[in-house]
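Chains as they are written, first to last, in the working numbering: chain A, 1 to 202; chain B, 203 to 404. Here a beta-carbon is modelled for each residue, glycine too, at the ideal position from N, C-alpha and C. Everything numeric in this text was worked out from a predicted model, so none of it was measured. This report refers to the structure that appears directly beneath it.
2 protein chains.
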Amino acid sequence: MSDAKLFVLSGPSGVGKGTIVSEILKEDPDLRLSVSATTRSPRKGETHGVSYYFMTDGEFRAEIEKGGFLEYADVHGHFYGTPKAPVLAELARGRDVLLEIDVQGAMQVKKSYPDGIFIFILPPSLAELRKRIENRGTESREDIELRLGKAVAEMSYLRHYEYFVVNEDLNQAVEDVRAVMRSEHSRIRDAEKILKKIEEES
Amino acid sequence: MSDAKLFVLSGPSGVGKGTIVSEILKEDPDLRLSVSATTRSPRKGETHGVSYYFMTDGEFRAEIEKGGFLEYADVHGHFYGTPKAPVLAELARGRDVLLEIDVQGAMQVKKSYPDGIFIFILPPSLAELRKRIENRGTESREDIELRLGKAVAEMSYLRHYEYFVVNEDLNQAVEDVRAVMRSEHSRIRDAEKILKKIEEES
């Protein structure tokens, strides 16, 4: 009945996106996580096709030319991107795909794949986000201010998303995202198609 | 964070709406079921304000004049309707309201309360719906055909709804409706309002 969907998850750093994503993947073995491509060198323990698709600069540029990315960016001289083909292949197989990506990337995906469902993870408050970033204890005061400023700037993209989930309690946030994913399969986009299926089945 | 919502549930007779509704109410004690008003006489065991709000013909007509109904209809000489005030009061208290109603009523509610969320319960197939109606064993062949014809006519309203749920497995259907209800509280309708709340909280 329900066609597979691409779910795009964004949110400021420190909000706990990664934890939410791994919890969701744990609970739904049919869901596929989109793997990024990059031209940077593999680090210890990273596996091609799992951590990243590792590509040469030439390969990456050729793929850009072919329109092979849902989105890509040049970050400090290395390319990062979301290859289109594996995502479309999973969707064609009827499997939902989850893509965790920053707002700039998400805005590109919105253009290259408008049928995606865009979910924004928010902190309960800016004060709480500051606390979470500070509690990591790895950053200087300047870095923390920089990160918070970036978070506020990213959050201003909220209006381009369809859903928001506040990560106050992790379990609740995971259930919120799962409810969005489930309910999107109940959304009526083509009533005629649904009715035809019910009339034909016997 | 999330404002209360009115969920409107429709579907052809025999599809199992009533069972779905009672399961949902069982699992969510905060959810309120909308109670209808009627001018017909109370039957044995029916309680005013629980089964129905029982009204005189004059009272009902006066309420119609005041725009006091989300929808109403004259059925075989008796009025039936959904009083607006109790629904709005529950919503104002932050409680979601569930309204089970036929497609004609739902189309009226769509006009009187456009912020409602409209969910259509479907049978897995027309053949299965026929089986369910036949298995009740209380109806003549003509009645069954009449009921099926009505079901097909009602299902043609599907395109006016936002969500569909196929009642093949009851538990799955209940979870589908619950996911829709939960996810609607994650829908971004006013991004500025959401961001303001996060900035103000501390």
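- Neighbours of Phe366/B in chain A, taken as residues at a C-beta separation under 9 Å, are given in chain order as Met1, Ser186, Arg187, Ile188, Ala191 and Ile194.
- Around the CB of Thr258/B, fewer than 16 other CB atoms lie within 10 Å, so the residue is classed as exposed.
- Within 10 angstroms of the beta-carbon of Leu208/B lie 16 or more other beta-carbons, which makes it buried.
- Secondary structure of His362/B (DSSP, three-state): helix.
- Nearest C-alpha to Ser243/B among Asp276/B, Tyr255/B, Arg234/B and Tyr359/B: Tyr255/B.
- Straight-line spacing of the CA atoms in Ile198/A and Tyr365/B works out to 15 Å.
- Bridge partners of Glu292/B according to DSSP: none are assigned.
- Separation of the CB atoms of Gly307/B and Glu273/B is rounded to 4 Å, and the pair is thereby assigned contact status at 8 Å.
- Annotation for Gly247/B: no alpha helix (DSSP H) segment contains it, and DSSP assigns it neither H nor E.
- When DSSP reads this structure, Ala275/B sits in a beta bridge with Tyr282/B.
- Neighbourhood of Tyr113/A in chain B, by CB distance below 9 Å: empty, with the nearest CB roughly 19 Å away.
- Boundaries of the alpha helix (DSSP H) around Leu129/A: Leu126 to Asn135.
- Shown in chain order are the members of the stretch 360-384 of chain B whose Cβ falls below 7 Å from a Cβ of chain A: Leu360, Arg361, Tyr363, Glu364, Tyr365, Phe366, Val367, Val368, Asp378, Ala381, Val382 and Arg384.
- Bridge pairing for Leu235/B: Leu300/B [DSSP].
- Contact annotation for Pro325/B against chain A: Ile198 [CB-CB distance below 9 Å, chain order].
- Less than 8 Å separates the beta-carbon of Ile226/B from that of Val379/B.
- For Leu208/B, the beta-bridge partners assigned by DSSP are Val299/B.
- With fewer than 16 other Cβ atoms inside 10 Å of its own Cβ, Thr47/A counts as exposed.
- Counting only the Cα atoms, Val223/B lies some 12 Å from Met383/B.
- Taking the C-beta atoms as reference points, His280/B is found no nearer than 8 Å to Thr340/B.
- Among the CB atoms of chain A, none fall inside 8 Å of the CB of Leu233/B.
- When CB distances to chain B are screened at a threshold of 7 Å, the residues of the stretch 128-160 of chain A falling below it are Met155, Leu158 and Arg159, in chain order.
- According to the DSSP assignment, Ile222/B belongs to no beta strand (DSSP E) but to the alpha helix (DSSP H) extending over Lys219 to Glu229.
- Chain order gives no chain B residues near Glu23/A, where near means a beta carbon separation below 8 Å; the closest approach is about 16 Å.
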